[in-house]
Amino acid sequence: MSTKKPQLRLGAFLPSTGHHVASWRHPEAQANAGLSFQHYKRLAQTAERGKFDMIFFADGVGIVRF
7 MSTKKPQLRL
17 GAFLPSTGHH
27 VASWRHPEAQ
37 ANAGLSFQHY
47 KRLAQTAERG
57 KFDMIFFADG
67 VGIVRF
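Okay, so the sequence shown: first residue is 7 according to the numbering used here, each after it adds one.
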């Protein structure tokens with residue numbers, strides 16, 4: 007029998023601008039979040055500080071117009 011304590015594993019699913027379909031419209035939202043490496047880096051660093059075991063960034067098709 008194992009004497010190792012069970013541990014909770016934490017994971018986060020992080021869409022580029024948030025979970026709400028209109029989250030990109032928030033005044034403080036980063037308009038280019040889906041295309042910004044720095045944005046994803048900050049999300050990963052925040053999860054790391056929170057002791058998360060993994061993060062998942064979903065890929066998707068998008069069109070950018072400037």
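Virtual Cβ for every residue (Gly too), placed ideally from N, Cα, C.
Asked                                                                                                                                                 : Found
Measure the C-alpha to C-alpha separation of Ala37 and Trp30 and round it to an integer number of angstroms.                                          : 6 Å
So what does DSSP say about Gly40, is it helix, strand or coil?                                                                                       : helix
The beta strand (DSSP E) with Phe19 in it runs from where to where?                                                                                   : Gly17 to Phe19
Out of Pro12, Ser22 and Ala28, which has the shortest C-alpha to C-alpha gap to Arg48?                                                                : Ser22
Can you give me the Cβ contacts of Lys10 inside the same chain, cut-off strictly under 6 Å, excluding the 5 residues immediately before and after it? : none
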